[in-house]
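Numbering (full-length UniProt numbering), first residue to last: 1 to 331.
Just so you know, even glycine gets a beta-carbon here, dropped at the ideal spot from N, CA and C.
Nothing here was measured: the structure is a model prediction, and the numbers come from that model.
Taking it in order: structure first as structure tokens, then the write-up.
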Amino acid sequence: MFSDANEPKFVEEDLPLFYSTLSDFFPSYCGEAESDEEFKDAYFAAVEERGLQASASSLTATRQLSQLLLARMGTVLLGAPMSGKSTAILLLADILSRLARSPKRMNASKRSASRRRRPAGRQRAAEAFSGRFASRTSRASFAAVRARGRRRTAEAESAEESEEASEEESEEASEEESEGGMENEEGDAEPAAGGGNEMYAVYYRVVNPKALSISALFGKVDSLTQEWSDGVASRMVREFAATETGSPKWIVFDGPVDSLWIESMNTALDDNQMLCLPNGERIKLRPEMRLLFEVTDLQAASPATISRCGMLHFPSRGVSWESLVRSWLNR
1 MFSDANEPKF VEEDLPLFYS TLSDFFPSYC GEAESDEEFK DAYFAAVEER
51 GLQASASSLT ATRQLSQLLL ARMGTVLLGA PMSGKSTAIL LLADILSRLA
101 RSPKRMNASK RSASRRRRPA GRQRAAEAFS GRFASRTSRA SFAAVRARGR
151 RRTAEAESAE ESEEASEEES EEASEEESEG GMENEEGDAE PAAGGGNEMY
201 AVYYRVVNPK ALSISALFGK VDSLTQEWSD GVASRMVREF AATETGSPKW
251 IVFDGPVDSL WIESMNTALD DNQMLCLPNG ERIKLRPEMR LLFEVTDLQA
301 ASPATISRCG MLHFPSRGVS WESLVRSWLN R
């Protein structure tokens with residue numbers, strides 16, 4: 001949605017003007033869209049588990065961050081210290097993990113995976129038939145080969161259908177086991193042992209780019225041995241790119257943006273989605289990988305970098321002292 005992609009860029013004082021402009025161009029626009037109820041439930045559960053205080057601003061920031069991560073490879077979280085940037089990342093990681101473990105979404109992902117496997121089986125049957133047919137060069141036996149091929153194709157399809165039926169039965173059995181799993185103190189159903197919770201977790205790592213040199217961040221070539229050694233950021237990208245779990249993977253750069261290192265990320269933030277290292281190597285980022293930047297200002301960032309990233313602004317009064325005291329008393 002247009003508002004979901006552009007609303008996070010504005011400061012709080014400019015939001016009424018933004019809504020007014022939208023209503024002028026789109027008369028049917030009725031203001032801020034409501035959050036998904038399932039997302040809200042996961043948000044409140046994550047807040048309670050971490051001992052934090054729920055607020056409308058925190059819920060809005062978390063929802064906007066999730067929308068930006070769907071649209072952009074890189075996202076900038078702009079705001080003063082103690083404005084809730086790191087908390088929004090932690091809460092969203094918990095929310096996505098909870099939503100992925102919900103029985104409804106687990107069943108939907110299993111059904112989509114089984115649908116993706118079906119065309120491959122039919123393609124293999126067709127290729128096997130075409131290979132057998134190509135080996136028959138006699139024109140006189142064409143009719144017999146065609147009839148035999150149709151019969152074998154029908155047998156392959158029937159075998160495939162029986163295999164799919166057995167897969168669906170096994171999926172239903174696993175779903176019943178997951179629904180009959182253990183329940184925690186809050187009453188939320190958790191998958192039974194062996195349900196594979198790890199594949200639904202959100203993996204993220206945090207690095208302070210200003211605490212490291214450029215060579216320590218992206219790697220260097222040893223002048224004596226001419227051997228390449230990865231830096232902190234390049235090693236994170238390499239490990240995440242080699243992991244094929246399909247779970248979200250975030251690399252958070254928590255520190256001031258500097259043109260000395262941020263310019264090296266431009267190829268990873270654009271449509272190429274490749275990290276170019278000083279030795280000429282290029283690492284292709286996986287579709288589930290995201291780069292997040294927690295900054296207080298963008299004075300040293302170039303327009304080329306800013307245009308490649310989504311922007312989420314956190315107001316300075318995003319976290320009140322009452323919420324901090326209330327969380328401290330509840331410990």
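Range covered by the alpha helix (DSSP H) that runs through residue i
i, result
"LEU329", "321 to 329"
"residue 400", "An answer regarding residue 400 cannot be provided, because it is not within the stretch 1 to 331 covered by the chain."
"LEU292", "Careful: LEU292 lies outside any alpha helix (DSSP H), inside the beta strand (DSSP E) at 289 to 295."
"ARG101", "85 to 101"
"THR305", "303 to 307"
"LEU269", "266 to 269"
Beta-carbon gap between residue i and residue j smaller than 7 Å
i, j, result
"THR62", "LEU92", "yes"
"ALA300", "SER259", "yes"
"LEU312", "LEU65", "yes"
"MET236", "ILE214", "no"
"ALA304", "SER247", "no"
"SER327", "LEU52", "yes"
"THR60", "GLY310", "no"
"ALA80", "SER264", "no"
"GLY84", "PHE253", "no"
"VAL257", "VAL295", "yes"
Separation of residue j from residue i, as counted between CA atoms
i, j, result
"GLU38", "ALA241", "30 Å"
"ARG331", "TRP321", "16 Å"
"GLY187", "ALA46", "Any answer about GLY187 is weak, because its pLDDT of 36 lies below 50 and its placement is not dependable; what the coordinates show is given next. C-alpha separation (whole angstroms): 14 Å."
"PRO278", "PHE218", "8 Å"
"ARG101", "ASP94", "11 Å"
"SER55", "LYS284", "38 Å"
"ASP222", "ASP230", "11 Å"
"PRO287", "GLN226", "32 Å"
"SER323", "TRP228", "48 Å"
"ARG290", "THR243", "14 Å"
"SER302", "PHE293", "14 Å"
"MET73", "ARG308", "8 Å"
"LEU96", "LEU224", "47 Å"
"GLU281", "LEU275", "8 Å"
"ALA268", "ILE262", "10 Å"
"LEU298", "ALA42", "32 Å"
"GLU49", "SER57", "19 Å"
"ASN272", "ASN266", "9 Å"
"LYS220", "VAL207", "18 Å"
"LEU77", "ALA88", "9 Å"
"GLY255", "LEU329", "30 Å"
"THR245", "ILE306", "30 Å"
"ASP270", "PHE44", "34 Å"
"VAL325", "ARG205", "28 Å"
"ASP36", "ALA216", "42 Å"
"GLU239", "LYS249", "10 Å"
"SER86", "ALA211", "18 Å"
"LEU68", "PRO209", "22 Å"
Reduced DSSP secondary structure (H/G/I, E/B, other) of residue i
i, result
"SER66", "helix"
"LEU217", "helix"
"MET274", "strand"
"LEU52", "coil"
"VAL257", "coil"
"THR60", "helix"
"GLY149", "Note that GLY149 has pLDDT 48, beneath the 50 cutoff, so the model's placement of it is unreliable and no number is given."
"VAL76", "strand"
"ALA71", "helix"
"HIS313", "strand"
"LYS40", "helix"
Terminal residues of the beta strand (DSSP E) in which residue i lies
i, result
"ASP254", "249 to 254"
"LYS210", "Note, LYS210: premise wrong, no beta strand (DSSP E); not H, not E."
"ARG282", "282 to 284"
Residue-level contact to chain C via CB, residue i, 7 Å cutoff
i, result
"PHE44", "No chain C is present in this structure, which holds just one protein chain."
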